[in-house]
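Protein chains in written order, with this note's numbering: chain W, 11 to 379; chain A, 3 to 284; chain Z, 2 to 287.
This is the structure:
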């Protein structure tokens with residue numbers, strides 16, 4: 011008799027809680043890890059913190075978990091200020107990047123561990139552990155040890171263990187970073203599915219922007235201890251608030267352009283601006299490759315959008331076409347079928363879709379162009 | 003003119019165990035514990051050394067100070083010759099250990115890998131056969147050797163055996179750190195024969211490990227007492243023992259002990275310097 | 002005792018060719034070890050099972066049942082077990098103090114260097130030092146009346162070299178405790194005490210007992226120190242072996258061989274147990 015995870019899993023007694031981080035600051039000696047982080051997680055929401063190493067995303071998570079103390083700021087969970095509460099009393103479930111499981115305990119014992127600490131009876135613990143293992147699809151491995159199961163399975167057990175204690179908040183510290191690419195994408199969707207099913211407020215830390223965009227309700231892009239932009243994935247991607255966000259998330263072309271009258275002219279195309287308040291003048295425009303289309307030119311075409319293909323990179327469903335426009339290189343990303351018409355050396359004409367673009371008069375960006 | 007940027011960082015940042023990543027309170031308690039432990043153990047380990055130093059400087063009247071015991075290292079009857087012969091013994095042992103182990107280990111690694119488990123077992127076997135046991139069976143063998151040569155240097159043969167486990171581990175660590183197969187294949191494809199591969203490709207890359215093995219073997223030879231004493235050879239340790247039987251707490255015992263310790267410390271410093279240099283080069 | 006000479010990359014033998022004779026290159030080594038390790042061991046075993054007439058006689062081994070001989074073994078085991086235990090417990094505390102410090106810091110470097118130096122301070126020179134420090138007639142610090150009572154004075158000296166050995170052997174185990182396990186326990190609601198009771202303790206137990214066994218074997222084999230401490234009365238097997246070899250009259254002409262054989266068997270058992278525990282420890286605390 012097979013039962014689905016949804017049948018056997020009983021809904022938690024509590025619904026998702028709100029988590030608020032106010033003005034968190036943390037430094038290690040001279041190094042500033044967090045420089046005033048404000049973040050609110052709505053009940054049941056999954057927020058991904060995204061950024062390069064050293065940006066402070068893991069520190070934020072660890073402060074929330076209570077594994078480290080903030081120098082300044084407050085942490086409020088479900089309306090209660092827990093800033094001074096030790097980690098063991100915060101009632102949060104955490105999944106680590108690696109070495110999550112206790113090697114001397116079986117999978118089931120690992121999952122039941124938190125319940126054992128809470129003096130839950132053996133019968134109840136075992137039952138709940140099995141429930142959790144079914145939720146993550148690993149009830150068959152209950153009596154194995156960590157060393158006997160794969161990395162992906164270990165992380166699923168870690169998730170089961172974190173959820174077994176019915177925590178208020180779920181914390182995931184780059185849980186997929188140590189896994190193979192294929193396992194990573196499968197497990198990422200699993201995690202999201204389970205998180206939605208349980209309805210728990212979740213903070214997910216990652217450096218992989220694809221991960222963040224795929225599963226989060228909102229993404230917070232961090233740099234140098236601050237959140238640069240916080241919003242739904244589509245917004246982060248198509249309306250980046252700064253050039254850092256634009257360049258960290260997805261690929262970008264940097265093209266010189268001229269702003270006038272609320273629009274920017276890039277290589278002869280008029281493109282709307284994300285931020286209308288930009289002053290007139292020369293800028294660098296950040297154009298997404300998928301906004302650029304390529305068509306084989308008849309030959310003898312000239313103009314700002316005429317050029318020669320340098321290379322075509324096959325990526326599976328899409329292909330990236332790199333085009334030399336006489337002094338500037340542009341990347342276009344097209345469905346592979348469309349890119350089939352061109353190869354290296356083909357003369358082509360480009361078109362830029364009028365998506366709103368981010369521009370920057372930043373000399374640092376300008377100098378790299 | 004770069005117009006593209008890449009996706010976010012691909013290498014995951016391993017979280018370093020920063021000293022700050024613990025609660026301040028718990029860190030404080032831990033540090034208190036640590037300092038207490040270091041003070042207590044430090045005293046325990048230091049006091050015998052202190053006693054040795056004091057006795058090495060003790061004069062004929064209690065409470066007086068003199069360097070006589072240190073001068074006696076050179077003048078005490080039989081001591082200097084014992085020191086000399088022990089140093090020679092250590093040098094010979096080192097060379098023998100290297101000559102015996104290094105080519106064999108490289109050869110096994112290159113050509114006879116299936117033997118390596120057996121080889122490891124043999125090298126570690128001396129750990130389970132204490133010197134005092136080994137010497138019981140060495141009697142007849144050394145009786146035979148003494149027909150030909152009475153010098154204490156003959157101890158080198160058995161000292162090599164005693165040094166095997168330590169030298170083996172040192173050299174094995176060094177071998178593991180370099181990709182022996184690839185290096186040797188590259189050299190062979192360029193025309194080198196096996197001898198060249200061993201002497202000019204592999205061995206030069208094991209400098210640190212070889213130095214380690216040499217120092218361990220030397221330390222063993224300098225400190226060995228059991229076999230030398232039982233077979234009636236006079237090495238440094240045996241000479242010291244005899245002196246102590248004749249004159250309990252003779253000053254020269256302590257000055258020599260301290261000198262040996264300083265020498266060992268000096269060798270360790272050299273070793274750590276060479277380690278740092280090789281790390282910079284690498 | 003991890004495998005150091007790996008078998009990775011062994012090329013498969015090509016069918017139709019004679020098996021390689023490359024193993025001949027290991028003959029010098031095998032020959033050497035044969036002469037200076039196996040031959041003496043063989044001689045010991047051979048002589049141990051001879052009666053005074055020189056014939057093969059397993060009855061010779063009955064000497065091991067002799068109460069005097071048994072007292073040597075119990076003396077050895079008492080001394081070595083006690084100092085192994087003390088060394089292990091004290092050494093574990095010291096190791097923990099070292100391990101929880103900065104991995105690159107001064108203390109760790111000093112400690113490891115110190116262990117190396119202290120390892121040189123063994124043998125007769127160590128006994129001299131303790132004589133000088135607390136000898137009943139000449140002690141620099143104080144006069145210990147119990148110094149020449151077995152196993153007290155010598156026990157203290159043994160602990161002096163057991164502790165550094167414990168640090169060297171146990172440090173990798175404590176280093177192997179991943180910080181994530183501590184944090185996971187905390188996160189799941191555990192206190193420090195619960196962590197050590199349910200996670201840290203169980204994980205370290207094989208390594209701890211394995212190290213203690215190593216200390217035990219190490220003490221069993223020690224000879225120089227105890228001879229320099231007391232060379233007239235035999236309390237332990239090594240002392241008696243020495244006396245047996247050097248004297249014409251003993252309990253039997255092959256007393257030394259029999260004692261040696263007994264010792265080897267004892268040490269071999271200990272080292273086998275050690276190896277088994279090490280494997281478990283390595284699996285968890287890699």
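The beta carbon of each residue, even a glycine, is placed where N, CA and C say it ideally should be.
Here's a check: name, in chain order, each residue in its chain whose Cβ is nearer than 6 Å to the Cβ of residue i, leaving out the five neighbours to either side.
i, result
"residue 365 of chain W", "301"
"residue 335 of chain W", "317"
"residue 126 of chain A", "167"
"residue 277 of chain Z", "none"
"residue 231 of chain A", "240"
"residue 11 of chain Z", "Only weak support exists for where residue 11 of chain Z lies, its pLDDT of 45 falling under 50; the coordinates are left without a value."
"residue 83 of chain W", "32, 33, 34, 35"
"residue 305 of chain A", "This structure gives no information on residue 305 of chain A, because the portion of chain A shown stretches from 3 to 284."
"residue 147 of chain Z", "153"
"residue 77 of chain W", "97"
"residue 282 of chain A", "Residue placement at residue 282 of chain A is poorly supported in this model, since its pLDDT is 49, which falls under 50; the coordinates still yield a value, given next. No residues qualify anywhere along the chain."
So with CB distances below 8 Å, who are the chain W contacts of residue i?
i, result
"residue 192 of chain Z", "98"
Within the same chain, show all residues whose beta-carbon is closer than 7 Å to that of residue i, passing over the 5 residues directly before and after it, in chain order.
i, result
"residue 255 of chain Z", "48, 49, 51, 61"
"residue 226 of chain W", "56, 57, 58, 214, 243"
"residue 53 of chain A", "none"
"residue 110 of chain A", "117, 118, 121"
"residue 1 of chain W", "This structure cannot settle anything about residue 1 of chain W, because the visible part of chain W is limited to 11 through 379."
"residue 149 of chain W", "140, 143"
List the residues of chain A that residue i touches, going by C-beta distances under 8 Å, in chain order.
i, result
"residue 79 of chain W", "25, 26"
"residue 272 of chain Z", "129, 130"
Return the Cβ separation of residue i and residue j in integer angstroms, given the expectation that the two are a contact with Cβ distance under 8 Å.
i, j, result
"residue 313 of chain W", "residue 278 of chain W", "7 Å"
"residue 97 of chain W", "residue 75 of chain W", "6 Å"
"residue 131 of chain Z", "residue 158 of chain Z", "5 Å"
"residue 165 of chain W", "residue 189 of chain W", "7 Å"
"residue 92 of chain A", "residue 223 of chain A", "4 Å"
Report the partner residues of residue i according to the DSSP bridge assignment.
i, result
"residue 362 of chain W", "W:302"
"residue 342 of chain W", "W:331"
"residue 370 of chain W", "W:294"
"residue 103 of chain W", "W:180"
"residue 232 of chain W", "W:237"
"residue 270 of chain W", "W:273"
"residue 29 of chain A", "Beta-bridge pairing links residue 29 of chain A to no other residue."
Just to confirm my understanding: we take residue i, look at its own chain, exclude 5 residues before and 5 after, and list those with CB closer than 8 Å. What are they?
i, result
"residue 140 of chain A", "160, 229, 233"
"residue 245 of chain A", "78, 81, 252, 254, 255"
"residue 14 of chain W", "Reliability of the predicted coordinates at residue 14 of chain W is poor, the pLDDT of 46 falling under 50, and the value obtained from them is presented with this limitation in mind. Taken in chain order, the list of residues that qualify is empty."
Who are the neighbours of residue i on chain Z, taking C-beta pairs under 9 Å?
i, result
"residue 2 of chain W", "Not covered by the structure: residue 2 of chain W. The range shown for chain W is 11 to 379."
"residue 259 of chain A", "122, 125, 126, 127, 129, 130"
Show which residues of chain A have a CB atom less than 9 Å away from the CB atom of residue i.
i, result
"residue 213 of chain Z", "Neighbours of residue 213 of chain Z on chain A: none; closest Cβ ~16 Å, over 9 Å."
Using a Cβ cut-off of 8 Å, pull out every chain Z residue sitting near residue i, in sequence order please.
i, result
"residue 109 of chain A", "23, 26, 27"
"residue 104 of chain W", "184, 185, 188"
"residue 188 of chain W", "Within 8 Å Cβ-Cβ: nothing; residue 188 of chain W doesn't reach chain Z, min ~12 Å."
Show which residues of chain W have a CB atom less than 9 Å away from the CB atom of residue i.
i, result
"residue 157 of chain Z", "Chain W residues near residue 157 of chain Z: none, gap ~36 Å exceeds 9 Å."
"residue 204 of chain Z", "112, 113, 114"
Run down chain Z in chain order and give the residues with a C-beta less than 7 Å from the C-beta of residue i.
i, result
"residue 214 of chain W", "None at all; the shortest Cβ gap to chain Z is about 16 Å."
"residue 128 of chain W", "190"
"residue 67 of chain A", "Residues of chain Z passing the Cβ test: none, with the nearest at roughly 14 Å."
Can you list the residues of chain A that residue i reaches, using a CB-CB cut of under 7 Å?
i, result
"residue 293 of chain Z", "Only positions 2 to 287 of chain Z appear in the structure, and residue 293 of chain Z is not among them; the question remains open."
Return yes when at least one heavy atom of the ligand ADP lies under 7 Å from the C-beta of residue i, else no.
i, result
"residue 244 of chain W", "With respect to the ligand ADP, the structure shown offers nothing to examine, as it has no ligands at all."
Notebook entry, point to check: Pairing CB atoms from the stretch 143-155 of chain W with CB atoms from the stretch 87-106 of chain W, are three or more of them under 8 Å?
Noted result: Contact annotation: the stretch 143-155 of chain W does not touch the stretch 87-106 of chain W, with fewer than three C-beta pairs closer than 8 Å.
Next item on the list: Assess, as a yes-or-no matter, whether the stretch 200-213 of chain A is touched by the stretch 97-104 of chain Z under the definition of 3 or more beta carbon pairs within less than 8 Å.
Entry: Fewer than three beta-carbon pairs drawn from the stretch 97-104 of chain Z and the stretch 200-213 of chain A are found closer than 8 Å, and the two stretches are therefore not classed as touching.
Next item on the list: Mind the definition here: the stretch 168-176 of chain Z touches the stretch 75-83 of chain A only if three or more C-beta pairs lie below 8 Å; say whether that holds.
Entry: Segments in contact, no.
Note to self: If contact is defined by three or more beta carbon pairs under 8 Å, each pair taking one atom from either stretch, is the stretch 172-185 of chain Z in contact with the stretch 256-273 of chain Z?
What the structure shows: With a cut-off of 8 Å, the stretch 172-185 of chain Z and the stretch 256-273 of chain Z do not count as touching, because too few Cβ pairs lie within range.
Checklist line | the stretch 346-361 of chain W contacting the stretch 259-273 of chain W, beta-carbon criterion three pairs below 8 Å | finding: They do not touch, by the three-pair rule.
Check: Should the stretch 175-188 of chain A be regarded as contacting the stretch 147-161 of chain A, the criterion being three or more beta carbon pairs within less than 8 Å?
Finding: The stretch 175-188 of chain A is not in contact with the stretch 147-161 of chain A.
Check: Is it a yes or a no for the stretch 207-219 of chain A touching the stretch 203-217 of chain Z, going by three-plus beta-carbon pairs under 8 Å?
Finding: Between the stretch 207-219 of chain A and the stretch 203-217 of chain Z there are fewer than three inter-stretch CB-CB distances shorter than 8 Å, so the stretches are not counted as touching.
Check: Is there contact between the stretch 76-94 of chain Z and the stretch 215-226 of chain Z, where contact requires at least three CB pairs shorter than 8 Å?
Finding: Touching, per the Cβ criterion.
Next item on the list: Could you say if the stretch 184-198 of chain W and the stretch 155-163 of chain W meet the contact criterion of at least three C-beta pairs nearer than 8 Å?
Entry: Yes: the two stretches touch, three or more of their Cβ pairs being nearer than 8 Å.
Next item on the list: Pair every Cβ in the stretch 38-58 of chain W with every Cβ in the stretch 250-264 of chain W, then say whether three or more of these pairs are closer than 8 Å.
Entry: No: fewer than three Cβ pairs fall under 8 Å.
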